[in-house]
Structure formats: C-alpha cells, structure tokens
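*Asks:* Pasting a structure below so you can have a look.
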Amino acid sequence: MSTSAHHPAEAALPRDTVTDRLVEANLRYAAGFQDPGMDARPVLRVAVVACMDARIDLHDALGLELGDCHTIRNAGGVVTDDVIRSLTISQRALGTRSVILIHHTNCGLESLTEDFRHELEDEVGQRPPWAVEAFRDVDQDVRQSMQRVRTSPFLPHTDDVRGFVFDVTSGLLREINPAV
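Written out as structure tokens, the structure reads:
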C-alpha cells in the first residue's frame, strides 16, 4: 500500500477536538509571544507541589508570575518517588530552596482506595507499578508529604518545607502544623 492511501483518511479526521482547540489557542498565543529572556531558575527559588485538580489556579491563588516557581502537580499533590525526583532536580540543578505542598478540600483521592489498583489489574491484566496514594484525612496526608520531603536523602534543602490545604470553596490556604 502506498503512503498516499493514508492521506484521504487523515483529511477525513474531525478537527474539532479539545486538543485542536488548545493548539489553535497556542497559535494565537505564539503570534504575540516575545521571548521574556528568562532563566530556567525560579526567581523565588521555590517549588510548589500541588494536586492537579482543575479548580486550583496556583498562580492566581499564590500571586505568582511567570518564572517565579517550579510547579509540580499530580493526583492529590502527594509526594511520590517522581515528585522527589523533580524536587531533587529543582534544588540541585536549578537552585530552589523552599518547598510548598498544597493539598485541597474535597479531593477525589479521599474517595478512592488501593482497591482501585486491584480493579485496574483485573481489567487490564497488569498490576500498576504505582500506589494510588489515597487518603481519608487531608491534614494527615499533608503531614506525611512534608515528612517525605524532609527525610529524603536526595534533597539538600529541607529547612523551609511547609504544607497547606487549599479550600476549594473559599480559595483560602490553611497551614498544616507538621508536629501534630
């Protein structure tokens, strides 16, 4: 079969997906883009680890500007091995010194359990290599995440690690005492 046989099928693909709209938005963005000439090192020397929840606009909530921080997001904002990897690179290669951890109220991980992994294994025939990291007590999970950062041998800067819970109904941060 010649490669030209694939072109008519490609032309018939619908071009109104969410991704298409985002790519179009990027074209508009790029049309007015000017390289800010910034360094990859965050100006505030801080890394923020937060949940990927779409209700949380970290830059607005924290008053951040482009270039101020490294932002690391995942389900729950929990500190996993991959978050430690990112924080290690952030600190050792890019100069960050502070870590802010942000979980939030009404998190989807509060309704999941590790049974989710077992259900996936039953469905796809392979056990996920990662833990769900579900939790019932958001404050305690923030404490656990702070402890994981503070005790990582890979992170040289663990003196300024603070944890918060973002209230999705008020927009306020509530600081979590690590010692409770």
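Read in order, the letters of the sequence shown correspond to residues 394 to 573 in the working numbering.
Each residue gets a CB set at the ideal place from its N, CA and C atoms; glycine is no exception.
As the structure is a computational prediction, the values presented were derived from the model and not from experiment.
Using C-beta distances below 8 Å, list every residue in its chain close to glycine 564, excluding the 5 sequence neighbours before and after it, in chain order.
*Replies:* Excluding sequence neighbours, glycine 564 sits near Ala454.
*Asks:* Suppose the cutoff is 6 Å on Cβ atoms and the five residues either side in sequence are ignored; what does the same chain contact list for leucine 566 look like?
*Replies:* The residues are Phe557, Phe559.
*Asks:* State the Cα-Cα distance for the pair valine 476 and aspartate 553, rounded to the nearest angstrom.
*Replies:* The alpha-carbon atoms of valine 476 and aspartate 553 are separated by roughly 17 Å.
*Asks:* Does DSSP put alanine 423 in a helix, a strand or coil?
*Replies:* Helix at alanine 423.
*Asks:* Give every residue of the same chain whose Cβ lies closer than 7 Å to the Cβ of aspartate 437, excluding the five residues on either side of it in the sequence, and list them in chain order.
*Replies:* A small correction: the amino acid at residue 437 is leucine; aspartate does not occupy that position in the sequence shown. Cβ within range, chain order: Asp461, Cys462.
*Asks:* Is it the case that the Cβ atoms of leucine 451 and leucine 459 are separated by a distance below 9 Å?
*Replies:* No.
*Asks:* Compute the distance between the beta-carbons of glutamate 503 and arginine 478, then report whether it is under 9 Å.
*Replies:* Not in contact: glutamate 503 and arginine 478 (Cβ atoms no closer than 9 Å).
*Asks:* Starting from the N-terminal side, write out each stretch of the alpha helix (DSSP H) that is 4 residues or longer and does not extend beyond the stretch 482–518.
*Replies:* With a minimum length of 4 residues, the continuous alpha helix (DSSP H) runs that stay inside the stretch 482–518 are 508–517.
*Asks:* Could you tell me whether the stretch 492–502 touches the stretch 511–531, where touching means 3 or more Cβ pairs closer than 8 Å?
*Replies:* Touching, yes.
*Asks:* Would you mind reading off the limits of the beta strand (DSSP E) that contains valine 441?
*Replies:* Start and end: 439–444.
*Asks:* When you compare only the Cα positions, how much space is there between leucine 415 and aspartate 409?
*Replies:* Leucine 415 and aspartate 409: Cα-Cα distance of roughly 10 Å.
*Asks:* Closest by CA to histidine 496, which one among Glu507, Asp532, Arg490, Arg485?
*Replies:* That would be Asp532, whose Cα lies nearest to the Cα of histidine 496.
*Asks:* Residues in the same chain with beta-carbon distance under 7 Å from threonine 551, minus the five sequence neighbours each way, listed in chain order, please.
*Replies:* Closer than 7 Å at the Cβ level, and outside the excluded window around threonine 551, lie Val542, Arg543.
*Asks:* Which residues in the same chain have their Cβ closer than 7 Å to the Cβ of alanine 440, if we skip the five residues on either side of it in sequence?
*Replies:* Counting only Cβ-Cβ distances below 7 Å, and skipping sequence neighbours, we find Cys462, His463, Ile465, Leu480, Ser483, Thr489, Val492.
*Asks:* State the CB to CB distance for the pair leucine 487 and alanine 443, rounded to an integer number of angstroms; the pair is presumed to be in contact (CB under 8 Å).
*Replies:* At roughly 18 Å, the Cβ-Cβ gap does not stay under 8 Å, so leucine 487 and alanine 443 are not in contact.
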